[in-house]
Amino acid sequence: ILLKNLNRHSKEEEILDTMALIETMEAPMDEVLLSSVVEACVRIGKPDLLASKLQEFQGSDSMVVNGSHTFGSLIKAYGYAKDINAVWRCWRMMRSRHIRPTSITLGCMVEAVVNNGDTEGAYELIHEMQADERCRDTLNSVIYCSVLKGFTREKKLNRVWTVYQEMLQHNIDLSV
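Reminder that position 131 of the sequence shown reads as 131 in UniProt numbering, one-by-one numbering, no gaps.
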């Protein structure tokens with residue numbers, strides 16, 4: 001509950017007290033708490049704090065992530081921290097464990113890749129998911145629109161048109 005209340009307007013003392021309270025817990029961190037911590041760090045807009053929490057997680061052997069939602073939180077966090085190698089490492093780990101991404105997890109992945117300057121890589125990932133019968137249904141307009149925004153920012157209007165045509169071909173409604 002304390003983590004959910006943290007936001008960009010939270011006082012520094014409140015943030016530090018909440019994080020200190022988590023540090024004092026004797027029980028190992030579970031996936032729900034891990035997701036809550038990294039999501040709070042992104043929400044409050046503290047990349048340094050996020051980086052230190054992610055570093056702590058990487059150094060911990062006591063927890064194995066098995067949920068698509070948790071992978072999505074980690075991917076989003078690493079993307080926010082501009083650690084594209086960790087973004088791809090999480091994705092590969094999730095896929096190697098045969099964990100099926102949800103639309104939200106795939107959306108976090110595509111958004112992280114686009115926001116770190118690799119719109120083509122995100123578009124290739126969409127094609128991989130389109131080719132994977134188990135994952136095809138996770139594609140939606142939000143995911144495609146992340147790629148559209150990336151190509152638009154890069155002023156690659158021919159790529160925007162290609163993505164749009166593909167959306168029409170696959171009957172994916174354009175969300176506005």
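For glycine and all other residues, C-beta sits at the position ideal for the given N, C-alpha and C.
Contact holds between the stretch 52-69 and the stretch 23-33, because three or more Cβ pairs, one in each stretch, are under 8 Å apart. If you compare the alpha carbons of Pro-101, Val-163, Ile-99 and Arg-95 with that of Tyr-123, the shortest gap goes to Val-163. Burial is judged here by how many other beta carbons sit within 10 angstroms of a residue's own beta carbon; Asn-5 has fewer than 16 and is exposed. DSSP, reduced to helix, strand and coil, places Arg-100 outside both helices and strands of the structure shown, so it counts as coil.
Here Gly-117 is exposed: its Cβ has fewer than 16 other Cβ atoms, across all protein chains shown, within 10 Å. In this structure, the CA atom of Val-42 is about 10 Å from the CA atom of Ser-36. At the C-beta level, Ile-126 and Ile-104 stay beyond 9 Å of one another. Boundaries of the alpha helix (DSSP H) around Cys-145: 141-153. Per DSSP, the unbroken alpha helix (DSSP H) holding Ile-44 starts and ends at 31-44. In the structure shown, the three-state DSSP call for Asn-85 is helix. In the DSSP assignment, Ser-10 falls outside any alpha helix (DSSP H), carrying neither H nor E.
Around Tyr-80, the same chain offers Val-42 as residues with beta carbons nearer than 6 Å, after the five sequence neighbours per side are excluded.
Leu-168 sits exposed, since fewer than 16 C-beta atoms from the chains shown fall within 10 Å of its C-beta. Only buried fits Ala-77, as 16 or more other CB atoms lie within 10 angstroms of its CB.
Distance from the CA atom of Glu-166 to the CA atom of Arg-159, rounded to whole angstroms, is 11 Å. Proximity of the stretch 12-31 to the stretch 42-61 meets the contact definition, three or more beta-carbon pairs being nearer than 8 Å. Here Val-147 really is in contact with Thr-119; their C-beta atoms are around 6 Å apart, less than 8 Å.
Boundaries of the alpha helix (DSSP H) harbouring Gly-121: 119-131, taken from the DSSP string. For Lys-76, the uninterrupted alpha helix (DSSP H) run begins and ends at 68-80, by DSSP.
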